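Engineer: Below you'll find the structure I mean.
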Amino acid sequence: MATTTTPRAAAGGSFLIESPRPDDVFTPAELTDDQRLIGQTAEEFVANEVTPLIGDLELHKQGLMAGLLKKAGELGLLGSGVPEEYGGSGLDKVSSTLLSEKISTYASFSVSLGAHGGIGTLPIVYFGTEAQKKKYLPKLASGEMIGCYCLSEPQAGSDAQNSKTRAVLSSAGNHWILNGQKMWISNGGFADLFIVFAKVDGEKFSCFIVERGFPGFSVGAEEKKMGLKGSSTAPIFFENCQVPKENLLHEIGRGHIVAFNILNVGRLTLGASCIGGSKKAIADSAKYAKERVAFGKSIGEFGLIRQMLANMAIRTFALESMVYRAAGMIDRATLAAADGADKTQHLMKVLEEYAIECSIGKVYGSEALDDVLDQAVQIFGGYGFHEEYPVARPYRDSRVNRIFEGTNEINRMLIIQMLMKRALSGTLPLLAAGAKLQEEILGGPSFAEAAEGPWAEQERIRAGAKKAFLLAAGAPMQKYREKLADQQEIVAALADIVIEIYAMESALLRAQKTESARGAAAAAAMRAAASVLLEDGAARIETLARTALAASVEGDMLRTQLAVLRRFLKREPVDTIALRRAVADAVETTGRYPFDRR
Ligand SMILES: Cc1cc2nc3c(=O)[nH]c(=O)nc-3n(C[C@H](O)[C@H](O)[C@H](O)COP(=O)(O)OP(=O)(O)OC[C@H]3O[C@@H](n4cnc5c(N)ncnc54)[C@H](O)[C@@H]3O)c2cc1C
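This is the structure in structure tokens:
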């Protein structure tokens with residue numbers, strides 16, 4: 016594998032207080048031939064087997080999606096998370112990220128595949144007993160059984176632990192009896208295996224493996240949805256449903272550990288699938304912009320159309336850089352498992368370590384894709400509103416990404432909660448960094464760290480953004496302390512700063528790495544994209560930090576803090592119109608997303 020020069024596994028969330036170098040991050044340019052082959056197989060499968068059937072899939076033709084999943088299983092596309100000894104391919108995170116990206120041009124298929132191979136299979140991989148793994152994993156990896164994940168209930172989505180589904184042990188003690196209802200279950204209509212959460216004796220949140228044929232199990236009618244019409248989403252009912260005793264997954268009362276760790280993985284996968292959707296929208300829009308004529312010119316010559324194409328490429332560039340960076344960190348940390356350690360348990364710990372980055376990928380990805388598709392519809396004009404053209408369906412399909420796998424509101428809260436937890440436990444020296452910053456503020460401007468070289472200005476912005484976060488987080492933390500979580504608007508502003516920093520830094524490091532490897536000319540458009548992300552990101556961070564500070568301090572103290580904030584984010588003026596034009600040129604020249612595989 017063509018690895019980066021320094022395989023360093025940074026601690027989760029440490030990007031906020033450290034200054035990683037380009038060699039510290041994985042970028043798509045480093046995908047190996049084997050990994051690219053996996054991506055190509057997935058891409059070809061979707062192009063040859065799935066895309067021709069979209070019309071019928073959207074009409075929910077009986078058995079079609081289940082049949083496609085089984086076919087994907089035959090090609091080895093379902094078992095990426097299943098270890099080889101149980102019939103899977105046990106892919107590393109970068110490979111499975113590429114796979115998720117490549118299968119995502121038709122969202123209904125990628126959601127169905129993710130519900131099966133991700134949240135429907137991984138609970139058994141991570142938490143199953145040996146007997147459960149042997150019994151179910153080979154069938155899930157091959158597609159002989161299709162899986163799904165049943166957490167949500169009509170009254171309990173975000174508040175999943177408010178579950179009303181109950182489990183009691185039968186009087187003979189040989190099976191569990193489940194009663195209750197699940198809601199919005201992807202693949203519910205045709206799945207064979209259901210990962211079901213229920214409270215034992217009405218109290219202890221737990222997880223069970225349920226098969227379709229178990230007595231007392233039934234599936235309700237398909238939901239009529241805004242989008243994802245090709246996917247199955249159905250309610251599931253349990254009426255004295257009998258589940259063998261040995262089908263308890265993990266421990267009684269530890270269902271939340273299963274539920275939340277699995278969602279964690281799903282979030283990065285969702286970010287990856289948004290990359291594929293965005294790239295397709297860029298290619299479709301670039302082609303249309305070239306062909307459509309208005310006022311005697313192709314609309315692709317108009318500045319405002321070019322600006323949209325550039326914006327789409329820039330956001331996708333940030334997302335791709337963020338998600339592959341996180342996947343690379345996960346792989347590096349996974350490789351660092353001590354000899355003899357249980358690899359599955361170690362991988363779960365690693366995924367927990369990068370839960371912040373996974374949530375960031377989910378929030379940024381879902382919002383970037385919505386934004387990209389919104390601009391795609393705009394470029395297509397009236398035809399953007401037509402079902403026969405390629406952007407209306409993805410526009411509808413994309414909207415749910417902000418709702419499932421933890422809504423974006425919940426994920427924003429989680430990002431800050433997880434950071435605070437790591438800070439207070441000492442895992443992440445965030446408090447020490449805050450104290451150091453206070454010393455620097457009291458000591459006046461420091462010139463010690465002035466960056467030099469061709470990226471000096473961009474690196475100064477990155478450093479200033481991190482200081483702005485510490486400043487903006489410090490005042491609300493001091494004022495609200497353990498009640499900070501109740502100040503949701505402040506928490507969300509802080510989460511948005513964190514997301515901006517991760518986006519701008521991931522893009523910057525990738526552009527720097529590309530420039531070193533391929534030279535300034537080859538990296539010019541990427542440099543332009545990164546520079547826009549830094550400039551616009553800094554402006555957004557300034558606004559967000561002002562909002563958080565103004566809600567936390569007042570009077571002279573506030574004025575002083577705002578002056579410090581301005582100092583941190585002071586930057587040279589940048590012509591972002593010219594930078595966007597450079598990116599638009601690259602989209603025009605390539606006819607698609609211009610930074611693919613770079
Ligand atoms: C197409 C589709 C497929 C799905 N697939 C599955 C699946 O396979 N398995 C499964 O288990 N579930 C699935 N879901 C359910 C999905 O996970 C939930 O819809 C989601 O978790 C949100 O829950 P909810 O709909 O009850 O909304 P609610 O939790 O009621 O949220 C409503 C609004 O309130 C906000 N909100 C809630 N709590 C807070 C809070 N503490 N602070 C701030 N804001 C808050 C939310 O962000 C949201 O904006 C699917 C849903 C859809 C639409």
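In terms of my numbering, the sequence shown is numbered consecutively and its last residue is 613.
Ideal placement from N, C-alpha and C gives every residue a C-beta, glycine not left out.
These numbers were taken from a predicted model, which means no experiment stands behind them.
I'd like to confirm the pairing. Which residues does DSSP put opposite G162 in its beta bridges?
Structural biologist: G162 is bridged to L208.
Engineer: At which residues does the beta strand (DSSP E) containing T136 begin and terminate?
Structural biologist: Careful: T136 lies outside any beta strand (DSSP E) and carries neither H nor E.
Engineer: Could you tell me which of A544, A466, K528, V506 sits nearest to M519, measuring between CA atoms?
Structural biologist: Checking every option, the nearest Cα to that of M519 belongs to A544.
Engineer: Whole angstroms is fine: what's the gap from A60's alpha carbon to K436's?
Structural biologist: Per the sequence shown, the amino acid found at residue 60 is Phe instead of Ala. About 43 Å.
Engineer: Can T248 and I290 be called in contact, C-beta distance under 8 Å?
Structural biologist: No, the pair does not count as a contact, with Cβ atoms beyond the cut-off.
Engineer: Which residues does DSSP pair with V126 in a beta bridge?
Structural biologist: Note: V126 sits in no beta bridge, so no partner.
Engineer: Please report the distance separating the alpha-carbon of I139 from that of D346.
Structural biologist: The alpha-carbon atoms of I139 and D346 are separated by roughly 21 Å.
Engineer: Given a threshold of 16 other Cβ atoms within 10 Å of its Cβ, counted over all protein chains shown, does G458 qualify as buried or as exposed?
Structural biologist: Looking at its Cβ environment, which holds fewer than 16 other Cβ atoms inside 10 Å, G458 is exposed.
Engineer: Give a single yes or no on whether E472 has its beta carbon closer than 7 Å to a heavy atom of ligand 3.
Structural biologist: Among the ligands in the structure shown, ligand 3 does not appear; only ligand 1 can be found there.
Engineer: Quick one: using the 10 Å Cβ neighbour count with 16 as the cut-off for buried, is M16 buried or exposed?
Structural biologist: With a pLDDT of 37 at M16, under the threshold of 50, the predicted position of this residue should be treated as unreliable, though the coordinate-derived value follows. By the 10 Å Cβ count, M16 comes out exposed.
Engineer: Could you tell me how far apart the beta carbons of Q576 and L486 are, in whole angstroms, since I believe they sit closer than 8 Å?
Structural biologist: About 7 Å; that satisfies the 8 Å criterion.
Engineer: Looking at the structure shown, is M241 part of a helix, part of a strand, or coil, going by DSSP?
Structural biologist: If DSSP states are grouped into helix, strand and coil, M241 belongs with coil.
Engineer: I need the DSSP call for V506, collapsed to helix, strand or coil.
Structural biologist: In the structure shown, V506 sits in a helix (DSSP, three-state: H, G or I).
Engineer: I'd like the ranges of any alpha helix (DSSP H) spanning at least 4 consecutive residues and lying wholly in the segment 481 to 552.
Structural biologist: Here the runs fully enclosed are 503 to 533.
Engineer: Give the straight-line distance between the Cα atoms of G343 and A566, rounded to the nearest whole angstrom.
Structural biologist: Their backbone Cα atoms lie some 37 Å apart in a straight line.
Engineer: May I ask whether a heavy atom of ligand 1 can be found less than 7 Å away from the beta carbon of T248?
Structural biologist: Yes, ligand 1 has a heavy atom inside 7 Å of this Cβ.
Engineer: Quick one: grab the DSSP three-state call for T144.
Structural biologist: Residue state, collapsed to three classes: coil.
Engineer: Where does P469 sit, in a helix, a strand or coil, going by DSSP?
Structural biologist: If DSSP states are grouped into helix, strand and coil, P469 belongs with coil.
Engineer: Could you pull the DSSP bridge partners for G228 from this structure?
Structural biologist: For G228, which the question treats as bridged, DSSP gives no partner whatsoever.
Engineer: For the alpha helix (DSSP H) that V258 lies in, which residues bound it at each end?
Structural biologist: Unbroken run through V258 is the beta strand (DSSP E), 248 to 259; no alpha helix (DSSP H).
Engineer: Going by the C-beta, is L166 closer than 7 Å to any heavy atom of ligand 1?
Structural biologist: Answer for L166: yes, Cβ within range of ligand 1.
Engineer: With S201 as the anchor, note down where its beta strand (DSSP E) starts and where it stops.
Structural biologist: Where S201 is concerned, the enclosing beta strand (DSSP E) stretches over 190 to 201.
Engineer: Within 10 angstroms of the Cβ of Q176, are there 16 or more other Cβ atoms? Answer buried if so, exposed if not.
Structural biologist: Looking at its Cβ environment, which holds fewer than 16 other Cβ atoms inside 10 Å, Q176 is exposed.
Engineer: From which residue to which residue does the beta strand (DSSP E) around R181 run?
Structural biologist: 181 to 184 is the span of the beta strand (DSSP E), which, as asked, contains R181.
Engineer: Taking the alpha helix (DSSP H) that L106 falls in, what are its first and last residues?
Structural biologist: Looking at the DSSP string, L106 is not in any alpha helix (DSSP H), and its letter there is neither H nor E.
Engineer: Give every residue of the same chain whose Cβ lies closer than 8 Å to the Cβ of L580, excluding the five residues on either side of it in the sequence, and list them in chain order.
Structural biologist: Answer for L580: A483, L486, A487, E557, A560, R561, L564, listed in chain order.
Engineer: In terms of DSSP beta bridges, what is S221 paired with?
Structural biologist: In the DSSP output, where bridge partners are listed per residue, S221 has A213.
Engineer: Within a Cβ cutoff of 8 Å, which residues of the same chain sit near R586, ignoring the five residues on either side of it in sequence?
Structural biologist: Once the five neighbours on either side are set aside, the close Cβ partners of R586 are E472, R475, I476, G479, E550, A553.
Engineer: Give me the residue from H190, V183, G245 with the minimum Cα distance to F220.
Structural biologist: Among H190, V183, G245, the Cα nearest to that of F220 belongs to V183.
Engineer: E168 bridges to which residues according to DSSP?
Structural biologist: Answer is A171.
Engineer: For a test of the three-state rule: what should DSSP assign to V568, helix, strand or coil?
Structural biologist: V568 falls in the coil class under three-state DSSP.
Engineer: Measuring straight from C-alpha to C-alpha, what distance separates A537 and V589?
Structural biologist: C-alpha separation (whole angstroms): 21 Å.
Engineer: How about T331 and S115: are their beta carbons less than 8 Å apart?
Structural biologist: Cβ distance not < 8 Å, so T331 and S115 don't count as in contact.
Engineer: How about the segment 157 to 167 and the segment 205 to 214: do they share at least three Cβ pairs that are nearer than 8 Å?
Structural biologist: With the cut-off at 8 Å, the segment 157 to 167 and the segment 205 to 214 touch.
Engineer: Any chance the segment 506 to 522 sits against the segment 367 to 381, with 3 or more Cβ pairs inside 8 Å?
Structural biologist: Touching, yes, given that three or more Cβ pairs across the two stretches are closer than 8 Å.
Engineer: Would you mind reading off the limits of the alpha helix (DSSP H) that contains N279?
Structural biologist: Here the alpha helix (DSSP H) through N279 covers 270 to 306.
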